[in-house]
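Chemist: This note's numbering numbers the first residue of the sequence shown as 969 and each following residue consecutively.
For glycine and all other residues, C-beta sits at the position ideal for the given N, C-alpha and C.
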Amino acid sequence: MSASLKGSNSSKFQVSEFILMGLPGIHSWQHWLSLPLAILYLSAIGANILILVTICQDPALQQPMYSFLGILSVVDMGLATTIMPKILAIFWFDAKVISLPECFAQIYAIHCFVGMESGIFLCMAFDRYIAICHPLRYPSIVTKALILRATVLMVLRNGLLSLPVPVLAAQRNYCSRNEIEHCLCSNLGVTSLACDGRRPNSICQLVLAWLVMGSDLGLIILSYILILRSVLKLNSAEAASKALSTCSSHLILILFFYTVVVVISVTHLAETKAPLVPVLLNVLHNIIPPSLNPMVYALRTKELRAGFQKVFCLSLEKKTRHQRPSP
969 MSASLKGSNS SKFQVSEFIL MGLPGIHSWQ HWLSLPLAIL YLSAIGANIL
1019 ILVTICQDPA LQQPMYSFLG ILSVVDMGLA TTIMPKILAI FWFDAKVISL
1069 PECFAQIYAI HCFVGMESGI FLCMAFDRYI AICHPLRYPS IVTKALILRA
1119 TVLMVLRNGL LSLPVPVLAA QRNYCSRNEI EHCLCSNLGV TSLACDGRRP
1169 NSICQLVLAW LVMGSDLGLI ILSYILILRS VLKLNSAEAA SKALSTCSSH
1219 LILILFFYTV VVVISVTHLA ETKAPLVPVL LNVLHNIIPP SLNPMVYALR
1269 TKELRAGFQK VFCLSLEKKT RHQRPSP
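1. Any contact of the stretch 1062-1070 with the stretch 1109-1117, i.e. 3+ C-beta pairs under 8 Å?
2. By the 10 Å Cβ neighbour count, where 16 or more other Cβ atoms means buried, how is residue 1112 classified, buried or exposed?
3. Taking the DSSP output, what are the residues bridged to residue 1065?
4. Taking the DSSP output, what are the residues bridged to residue 1147?
5. Classify residue 1110: buried if its beta carbon has 16 or more other beta carbons within 10 angstroms, exposed otherwise.
6. How many Å lie between residue 1190 and residue 1161 at the Cα?
7. With DSSP run on the structure shown, which of helix, strand or coil describes residue 1162?
8. Between the stretch 1140-1156 and the stretch 1050-1069, are three or more C-beta pairs nearer than 8 Å?
9. Please state if the CB of residue 1032 and the CB of residue 1247 are separated by a distance shorter than 8 Å.
10. Please list, in chain order, all residues of the same chain as residue 1235 whose beta carbon is under 6 Å from its beta carbon, the five residues on each side excluded.
11. Could you check how far apart the C-beta atoms of residue 1217 and residue 1008 are, in whole angstroms? I think they sit under 8 Å.
12. Is the separation between the beta-carbon of residue 1232 and that of residue 1215 shorter than 8 Å?
13. By how many angstroms is the C-alpha of residue 1158 removed from the C-alpha of residue 1166?
14. Among the candidates 1206, 1219, 1085, whose CA atom is the shortest distance from the CA of residue 1193?
15. Which same chain residues, not among the five before or five after residue 1147, have their C-beta less than 7 Å away from its C-beta?
16. Quick check on this structure: which residue in 1099, 1080, 1178, 1250 has the alpha carbon closest to the alpha carbon of residue 1131?
17. Once the 5 residues before and after residue 1269 are set aside, which same chain residues still bring their CB inside 7 Å of it?
18. Roughly how many angstroms lie between the CA atoms of residue 1034 and residue 1088, to the nearest whole one?
19. Classify residue 1234 as helix, strand or coil using the three-state DSSP reduction.
20. Would you please state the rounded distance, in angstroms, between the beta carbons of residue 1121 and residue 1271? I believe it to be under 8 Å.
21. Please classify residue 1215: does DSSP put it in a helix, a strand, or coil?
22. Can you tell me whether residue 977 is helix, strand or coil according to DSSP?
23. Since residue 1155 contacts residue 1075 with CB under 8 Å, what's their CB separation in whole angstroms?
24. Is it right to say residue 1091 is buried, meaning 16 or more other beta carbons lie within 10 angstroms of its own, or is it exposed?
25. Taking the alpha-carbon of residue 996 as reference, which of 1041, 1062, 1186 has the nearest alpha-carbon?
26. Which same chain residues end up closer than 8 Å to residue 1005 when comparing Cβ atoms and leaving out the 5 residues on each side of it in sequence?
27. According to the Cβ coordinates, are residue 1208 and residue 1199 closer than 8 Å?
28. DSSP state of residue 1044, grouped into three classes?
29. Spatial neighbours of residue 1211 within its chain, please: C-beta separation below 6 Å, excluding the five flanking residues on both sides.
30. Could you check where the alpha helix (DSSP H) with residue 1119 kicks off and where it finishes?
31. Ordered along the chain, which non-local residues of its own chain (more than five positions away) have a Cβ less than 6 Å from that of residue 1064?
32. In the DSSP assignment, find the alpha helix (DSSP H) that holds residue 1259 and state where it starts and stops.
33. As a quick exercise: from 1280, 1262, 1266, 1143, pick the residue whose alpha carbon is nearest that of residue 1043.
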């Protein structure tokens, strides 16, 4: 009996690190993808920093809608930075090894940031609902205090609800395999290596997805149904068009974000014979929205474009002032 216990204890802690193999099926040439991914990452960081600087410096953008956009930019940068440095290290330096604590921390950070992005989309939908359906009450409802409370609530909600995912993953018994067919630590990819069952992890992730993203998406849809009903009651076609145009950027980002989430979930559940598809979608879902969000808002929001011009003009004026020779 003591011998069997000793054997089980030695095998229980056999795995001390994981190896991220990269994109399945294309290991030999996956490094060629590093350039577009690096460009996406740098554009995401640069564009979101530009949005934050513009919102902070332009008094015309000190509105709740742009405050939520600034918070979204911070979340986007956090999400992209959680995964991209490690992915690029794998592609460029073959740095495939990741310790168990680092891997579980990455699982937590990904779930936390994705949940926060979903929550900020809900806050933005609520902001548009009040602005269009209750315009006279908007200044008294959507205040700086409300924005602060909503942000703290989103951080606490996703920070606490995401905790069970890495905790349950850490409790699994990783006794033999340690090679993950992925370039990031996903919950399902890591727990698939466990020697014991991963049913608790799958159930936890499913419940968390429905509890967080399902409820957010349901409330967002409800908000836009009420917005559409209010817009249809407007007598002026021009006023209706103007009201809907303020929501167009938000709707584009929501459709892309939740569509990819659904596609990733379906491909994982279907256990497709082409594992590259869900893995690549998973990576792109964590890097494309952070680079796409600023571009959509910059292209479709006149006030933000004007803010960019002001920031560029101010920086050019300061540059010429410094370069001008003193008399």
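Modeler: In short, the structure shows the following:
1. Judged by Cβ distances under 8 Å, the stretch 1062-1070 makes no contact with the stretch 1109-1117, as fewer than three pairs qualify.
2. Label assigned to residue 1112: exposed.
3. Paired residue(s): 987.
4. DSSP lists 987 as partners of residue 1147.
5. Buried, since its Cβ has 16 or more Cβ neighbours within 10 Å.
6. The straight-line gap from Cα to Cα measures roughly 40 Å.
7. If DSSP states are grouped into helix, strand and coil, residue 1162 belongs with coil.
8. Here the stretch 1140-1156 makes contact with the stretch 1050-1069; the two share three or more CB pairs at distances below 8 Å.
9. Residue 1032 is positioned such that its CB atom lies no closer than 8 Å to that of residue 1247.
10. For residue 1235, same chain residues with a beta-carbon under 6 Å away, outside a window of 5 residues either side, are 1245, 1246 in chain order.
11. Between residue 1008 and residue 1217 the Cβ distance is about 20 Å, and since that is not below 8 Å, they are no contact.
12. Going by C-beta atoms, residue 1232 is not nearer than 8 Å to residue 1215.
13. In a straight line, the C-alpha of residue 1166 is about 10 Å away from that of residue 1158.
14. For residue 1193, the nearest C-alpha among the options comes from 1219.
15. 987, 989.
16. Checking every option, the nearest Cα to that of residue 1131 belongs to 1080.
17. Result list for residue 1269: 1217, in chain order.
18. Looking at the two C-alpha atoms, the distance is approximately 12 Å.
19. Residue 1234 sits in a helix when the DSSP states are folded into three classes.
20. In this structure residue 1121 is not in contact with residue 1271, their Cβ atoms being roughly 27 Å apart against a cut-off of 8 Å.
21. Helix at residue 1215.
22. Its pLDDT being 43, under 50, residue 977 is placed unreliably by the model, and the measurement read from it follows with that caveat. Helix, per DSSP.
23. Yes, they are in contact, since the Cβ atoms of residue 1155 and residue 1075 sit about 5 Å apart, within 8 Å.
24. Under a 10 Å Cβ-count criterion, residue 1091 is classified as buried, with 16 or more other Cβ atoms of the shown protein chains found around its own Cβ.
25. Nearest of 1041, 1062, 1186 to residue 996, Cα basis: 1062.
26. Cβ neighbours of residue 1005 beyond the five flanking positions: 1052, 1055, 1056, 1059, 1251, 1255.
27. For the 8 Å CB-CB criterion, residue 1208 and residue 1199 form a contact.
28. The answer is helix: DSSP assigns residue 1044 an H, G or I state.
29. For residue 1211, same chain residues with a beta-carbon under 6 Å away, outside a window of 5 residues either side, are 1100, 1199 in chain order.
30. First-last of the alpha helix (DSSP H) with residue 1119: 1112-1129.
31. Residues of the same chain with a CB within less than 6 Å of the CB of residue 1064, apart from the 5 flanking positions on each side, are 987, 988, 1058 in chain order.
32. In the DSSP assignment, residue 1259 falls within the unbroken alpha helix (DSSP H) covering 1244-1268.
33. When only C-alpha atoms are compared, the closest one is 1262.
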